[in-house]
Amino acid sequence: MRLLIRLRCVEDGPYEMQYHYHLQGFIYSLLKGSKYDYVHDKEGYKFFCFSNVFPAYDLKKGDIRTLVVSSPSAGFVSHLRDALRPVDGVKLGCMRFQIDYARELDVKLPDAPFTIITGTPIVMRIPREMYRAQGVEPKGQYEYVYWRSDHPIDLIMSQLEANLAKKYAQYFGLAAAPGHPESGSRHLLPVGLFQKFKFKKQISTRVLMKGSDHVVIGTVWEFEFGRDANRDMVRFALDAGLGERNSLGFGFLNVR
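Numbering (UniProt numbering), first residue to last: 1 to 256.
Structure follows, in structure tokens:
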């Protein structure tokens, strides 16, 4: 489920490229005092994602921009819609907007083969030992390393599948992700969810996390799915986001 928010620029000004923390804080402010208040302090997956404010160029007073928030929880999205009704304006870093309106969207997957594209970069950190298992020694001394375009591509695909399966299982309280003949106490991976994909580009950005700036490496992709696609998992990825840092607006997906 998605919430489309139309924003009207209040004044001329630059586009805030480091919007992630500000947008996350805006969403948390709408949850305050509600049954979703716990999400702010929840460890692990928060089960929401959001787009950037688009189109992403300098602001002119009166211009219309769009923000989309997604979540597998229809109740969460409905709460955001209702919480926005008394809100007249919003400040996101150096950007100031009035809220024109907000409406819910239920994105449908096409019956025919379809393509999913990244609306915001996918962030995925991979354990150093997994690189070493493939004969790769990443730079630095971090235990987890951001996947980059010069790293083995099967590493990010397997980690994206593992991350999505764990996220899905946690949200629905399952022992296994859908599409597996097995069951048990551990989370199992969807077999070959990403079979056809295209790497587009790599992006580096600074994000404020826990009071300090961090460099985050993300990548932009296209994913093609056939008639035999695991539609439940694809739909969940559209709602919850793909990869890590979804609640900071990374891994937001669109149907093309």
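Ideal placement from N, C-alpha and C gives every residue a C-beta, glycine not left out. Given the structure is predicted, the values throughout are model-derived calculations rather than measurements.
As a beta-bridge residue in DSSP terms, Cys49 pairs with Ser70.
Taking 8 Å as the upper bound for CB-CB distance, Ser70 and Phe252 are in contact here, some 7 Å apart.
Closest in C-alpha terms to Gln24, from the list Asn254, Val207 and Phe236, comes Val207. In the structure shown, Gln170 falls within a helical segment according to DSSP collapsed to helix, strand and coil. When DSSP states are grouped into helix, strand and coil, Phe97 belongs to the strand group. Annotation: Lys166 to Asp239 spans about 15 Å, alpha carbon to alpha carbon. The three-state reading of DSSP puts Arg245 in coil, since its state is none of H, G, I, E or B. For Val53, the closest of Tyr36, Gly44 and Arg6 by C-alpha to C-alpha distance is Arg6.
Contact annotation: Leu105 and Arg227 have beta-carbon atoms that are not nearer than 8 Å. Scanning the segment 91 to 149 for uninterrupted alpha helix (DSSP H) segments of 4 residues or longer gives 128 to 133, listed from N- to C-terminal end. Annotated as proximal: Gly62 and Arg8, with beta-carbon spacing under 8 Å. Judged by DSSP secondary structure, Leu31 falls within the alpha helix (DSSP H) whose first and last residues are His20 to Leu31. Using a C-beta cut-off of 8 Å, the segment 110 to 128 makes contact with the segment 243 to 252, since at least three inter-stretch Cβ pairs fall below that distance. Residue range Leu253 to Val255 is occupied by the beta strand (DSSP E) that includes Val255. Per DSSP, Phe199 is one residue of the beta strand (DSSP E) stretching across Lys196 to Met209. Note that the segment 218 to 236 touches the segment 105 to 118; at least 3 beta-carbon pairs, one per stretch, sit closer than 8 Å. Taking C-beta separations shorter than 8 Å and ignoring five residues to either side along the sequence, the partners of Ser34 in its chain run His79 and Ala83, following chain order. According to DSSP, residue pairing for Val234 in a beta bridge does not occur.
For Tyr45, the closest C-alpha among the options Val216, Ala56 and Leu242 is that of Leu242.
In the three-state scheme derived from DSSP, where H, G and I count as helix and E and B as strand, His151 is classed as coil. When DSSP states are grouped into helix, strand and coil, Gly75 belongs to the helix group. With distances taken between CA atoms, Val216 lies nearest to Arg148 out of Arg148, Leu59, Gln170 and Gly75.
In the assembly as shown, Glu129 is an exposed residue. Its beta-carbon has fewer than 16 other beta-carbons within 10 Å.
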